[in-house]
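Structure first, commentary second.
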Amino acid sequence: MAQVMPPKPMAGLPALAENKILPLTPPGDSSPWQRLDNNFTLYPDSPPLSSPSSDTYDLDQSLCQSVGVSQKDEPVIAIIGVGYVGTHLVSSFSSKYQVIGFDVSAKRIENLGAKYQGQDNVHFSREPQDLRRATHFLISVPTLLRPDKTIDSSYLRDALKTVGEVARSRSTVVIESSVAVGMTRQLLGPLAANRQFFAGMSPERVDPGRVEPPVQSIPKIISGLDDITPGSLDAINRVYSTIFETVVPVSKPEVAEMMKLYENCQRMVCIAYANEMADACIPHGINPYEVCEAASTKPFGYMPYSPGVGVGGHCIPVNPFYLLSNSHFPLLECATLAMHSRPSRLAERMLKRLRQRVTGRTPRVLVVGIGFKAGQSQIDNSPGADLVKSLAVSREVDVCWADSLVKQSALPQVRRLLDEDWRNDVLKRFDVIVVASRQTDMSFDILDHLDGVEIERWCQ
Numbered sequence: 002m003a004q005v006m007p008p009k010p011m012a013g014l015p016a017l018a019e020n021k022i023l024p025l026t027p028p029g030d031s032s033p034w035q036r037l038d039n040n041f042t043l044y045p046d047s048p049p050l051s052s053p054s055s056d057t058y059d060l061d062q063s064l065c066q067s068v069g070v071s072q073k074d075e076p077v078i079a080i081i082g083v084g085y086v087g088t089h090l091v092s093s094f095s096s097k098y099q100v101i102g103f104d105v106s107a108k109r110i111e112n113l114g115a116k117y118q119g120q121d122n123v124h125f126s127r128e129p130q131d132l133r134r135a136t137h138f139l140i141s142v143p144t145l146l147r148p149d150k151t152i153d154s155s156y157l158r159d160a161l162k163t164v165g166e167v168a169r170s171r172s173t174v175v176i177e178s179s180v181a182v183g184m185t186r187q188l189l190g191p192l193a194a195n196r197q198f199f200a201g202m203s204p205e206r207v208d209p210g211r212v213e214p215p216v217q218s219i220p221k222i223i224s225g226l227d228d229i230t231p232g233s234l235d236a237i238n239r240v241y242s243t244i245f246e247t248v249v250p251v252s253k254p255e256v257a258e259m260m261k262l263y264e265n266c267q268r269m270v271c272i273a274y275a276n277e278m279a280d281a282c283i284p285h286g287i288n289p290y291e292v293c294e295a296a297s298t299k300p301f302g303y304m305p306y307s308p309g310v311g312v313g314g315h316c317i318p319v320n321p322f323y324l325l326s327n328s329h330f331p332l333l334e335c336a337t338l339a340m341h342s343r344p345s346r347l348a349e350r351m352l353k354r355l356r357q358r359v360t361g362r363t364p365r366v367l368v369v370g371i372g373f374k375a376g377q378s379q380i381d382n383s384p385g386a387d388l389v390k391s392l393a394v395s396r397e398v399d400v401c402w403a404d405s406l407v408k409q410s411a412l413p414q415v416r417r418l419l420d421e422d423w424r425n426d427v428l429k430r431f432d433v434i435v436v437a438s439r440q441t442d443m444s445f446d447i448l449d450h451l452d453g454v455e456i457e458r459w460c461q
């Protein structure tokens with residue numbers, strides 16, 4: 002049985018004087034990239050939004066089941082959304098329970114069905130009616146941003162609508178996705194009240210590419226909408242405490258929501274500060290990574306953060322805008338805008354050097370690593386990909402990119418360096434090679450032996 006850590010009592014905090022909404026806009030105009038014509042097909046930046054009818058209270062009541070869930074029922078766990086986070090939940094909860102993985106992507110269902118073939122207690126489906134036998138619904142769908150940096154909650158609304166149509170009363174519904182503070186209550190609260198669901202929020206804490214510590218040993222924050230459905234926190238704890246070694250209940254979902262965003266946004270601010278330090282090192286001829294290594298020898302009061310091209314993925318670059326949507330964080334706002342503009346600023350710095358260094362021809366630049374982080378093939382909010390885009394739209398350089406895990410189709414507008422061209426006689430033709438991230442199956446020692454090529458390393 003898991004260790005359960007009770008929430009610590011805290012003194013009350015004064016209410017904010019104003020609930021300021023910051024109208025943040027993306028730094029720079031993305032339209033030049035959209036206008037870039039290299040005879041490639043452009044892909045949309047974001048999925049289409051759901052129609053207003055996806056609101057959670059607009060349910061087909063004829064689909065709702067009347068026989069409620071009992072505590073005596075053997076738990077059947079439905080994971081709504083089986084992407085990276087959802088797959089971790091499938092693996093964790095299938096160690097003890099029957100699990101149904103649900104996703105709207107037929108390809109994803111097919112791939113996971115093949116992966117889990119032979120594991121009788123795990124099933125995958127894209128048919129809502131297959132969820133009717135579930136007792137617990139864990140929602141792990143993407144919460145994204147629209148191009149104007151407002152929150153796209155369409156996936157979450159659609160997931161809740163599906164749950165509302167198939168779940169029995171007294172089912173337990175938990176949002177695992179990162180959301181803005183108050184969104185669990187706003188979107189799940191009415192559904193829980195209407196359908197008598199136990200409901201709450203337990204933010205995921207998995208990290209793509211990380212295998213240690215294992216997911217089950219990471220303390221799990223849980224919260225319940227007990228003021229709407231009494232017993233919600235207890236219902237969530239009964240199941241979660243059988244999976245996670247340490248369960249940490251907090252007083253309400255708003256605490257869990259703020260905790261998750263504070264956790265991720267702290268990293269954003271610290272990396273932005275590390276980037277400022279790295280930029281300050283340049284005129285002094287200092288290696289910023291040597292500074293980081295030296296500072297890391299202090300056994301207290303310092304946490305190491307390394308500078309880079311930026312931050313990628315669906316968490317750290319996105320979460321600040323969730324906080325800024327209904328809260329005032331001036332420091333976070335500055336760090337976020339600095340981080341989002343960093344690839345373009347690095348590109349402009351490089352172009353300025355190349356204008357002075359290369360004359361009579363077009364400079365050649367290679368950006369290495371456009372997966373959003375090392376070991377990843379996705380380019381969601383990838384700083385390396387943004388650097389490539391900034392260089393491409395300048396039309397001042399011939400730019401291409403190299404990444405052993407990312408296919409040409411992921412960024413079709415700019416040429417990918419073939420894997421077999423990762424060799425000395427090809428690489429020495431470039432004027433600048435920027436290492437944005439290091440894929441483990443690429444040999445970087447070759448870069449140490451390229452005479453006349455400027456190597457700009459933004460990772461260790």
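What the sequence shown shows, in the working numbering, is residues 2 to 461, in sequence order. Yeah, the Cβ is synthetic: ideal placement off N, Cα and C, and Gly gets one too.
Check your understanding: Could you give the uninterrupted runs of the alpha helix (DSSP H) lying entirely in the stretch 187-246, keeping only those of 4 residues or more?
Key -> 190-196, 233-241
Practice item. Output the distance between the C-alpha atoms of GLY29 and SER342, rounded to the nearest integer angstrom. Key: The pLDDT assigned to GLY29 is 44, lower than 50, so where the model puts this residue is not dependable, and the model offers no usable value.
Point to revise | Unbroken alpha helix (DSSP H) run spanning ASP426, endpoints | key: 425-428
Check your understanding: What is the rounded straight-line gap between the Cα of TRP423 and the Cα of ARG365?
Key -> 15 Å
**Study point:** Local conformation of SER444 per DSSP, three classes
**Key:** coil
Review point. Distance, Cα to Cα, LEU367 vs TYR306?
Key: 26 Å
Point to revise | Proximity of VAL251 and SER233 at Cβ, strictly below 9 Å | key: no
Point to revise | Euclidean distance between Cα positions of ASP420 and GLU397 | key: 25 Å
Review point. Among THR185, SER383, CYS316, which one has its Cα closest to the Cα of ALA411?
Key: SER383
Check your understanding: Nearest to LEU188 by CA position, among ASP208, ARG169, VAL164, ARG206, is which residue?
Key -> VAL164
Review point. Which whole-angstrom value describes the C-beta separation of TYR156 and VAL142, a residue pair presumed to lie in contact below a C-beta threshold of 8 Å?
Key: 4 Å
Review point. Can GLY314 and GLN379 be called in contact, C-beta distance under 9 Å?
Key: yes
Review point. If you draw a straight line from the alpha carbon of MET278 to that of ALA135, how long is it in whole angstroms?
Key: 51 Å
Practice item. Taking only the alpha-carbon atoms, compute the straight-line gap between CYS460 and VAL436 and give it to the nearest angstrom. Key: 7 Å
Practice item. Whole angstroms is fine: what's the gap from GLY190's alpha carbon to LEU226's? Key: 7 Å
Check your understanding: Whose C-beta lies closer than 8 Å to the C-beta of ARG417 among residues of the same chain, with five residues either side of it excluded?
Key -> CYS401, TRP402, ALA403, ASP404, VAL407, LYS408, GLN409
**Study point:** Which listed residue (ARG439, GLN217, ILE317, ARG169) has its alpha carbon closest to that of MET340
**Key:** ILE317
**Study point:** Three-state secondary structure assigned by DSSP to ILE80
**Key:** strand
Practice item. Indicate the three-state DSSP secondary structure (helix, strand or coil) for ALA403 in the structure shown. Key: strand
Check your understanding: Taking the C-alpha atoms as reference points, what is the distance between PRO209 and ILE434?
Key -> 26 Å
Review point. Which residues bound the alpha helix (DSSP H) around VAL157?
Key: Reading off the sequence, residue 157 comes out as Leu, not Val. From DSSP, the alpha helix (DSSP H) with LEU157 extends over 155-167.
Practice item. Report all residues from its chain with a CB closer than 7 Å to the CB of ARG206; omit the five preceding and five following residues, and keep chain order. Key: ILE219
Practice item. Can you tell me which of the three DSSP states SER93 falls into? Key: helix
Check your understanding: Roughly how many angstroms lie between the CA atoms of ARG109 and GLY84, to the nearest whole one?
Key -> 8 Å
Exercise for review: Output the distance between the C-alpha atoms of TYR303 and CYS271, rounded to the nearest integer angstrom.
Suggested key: 11 Å
Point to revise | C-alpha gap between SER71 and ARG186, whole angstroms | key: 24 Å
Check your understanding: Can the beta-carbon of SER178 be found less than 9 Å from the beta-carbon of THR144?
Key -> yes
Review point. For GLY87, which residues of its own chain have a beta-carbon under 6 Å away from its beta-carbon, when the five flanking residues on both sides are left out?
Key: ILE80, SER141
Review point. What does DSSP give as the partner residues of VAL389 in its beta bridges?
Key: In the DSSP output, where bridge partners are listed per residue, VAL389 has none listed.
**Study point:** Nearest-angstrom Cα separation, counted from HIS137 out to SER172
**Key:** 6 Å
Exercise for review: Give a yes or no on contact between the stretch 113-125 and the stretch 85-104, applying the rule of three or more CB pairs nearer than 8 Å.
Suggested key: yes
Check your understanding: So what does ILE456 bridge to, in DSSP terms?
Key -> ILE434
Exercise for review: Going by DSSP, name the residue or residues bridged to ARG417.
Suggested key: TRP402
Point to revise | Proximity below 9 Å, CB of GLY376 to CB of THR298 | key: no
Check your understanding: So what's GLY102 in DSSP terms, helix, strand or just coil?
Key -> strand
**Study point:** Expected contact under 8 Å - CB spacing of VAL312 and MET260 to nearest Å
**Key:** The Cβ separation is near 19 Å, so there is no contact.
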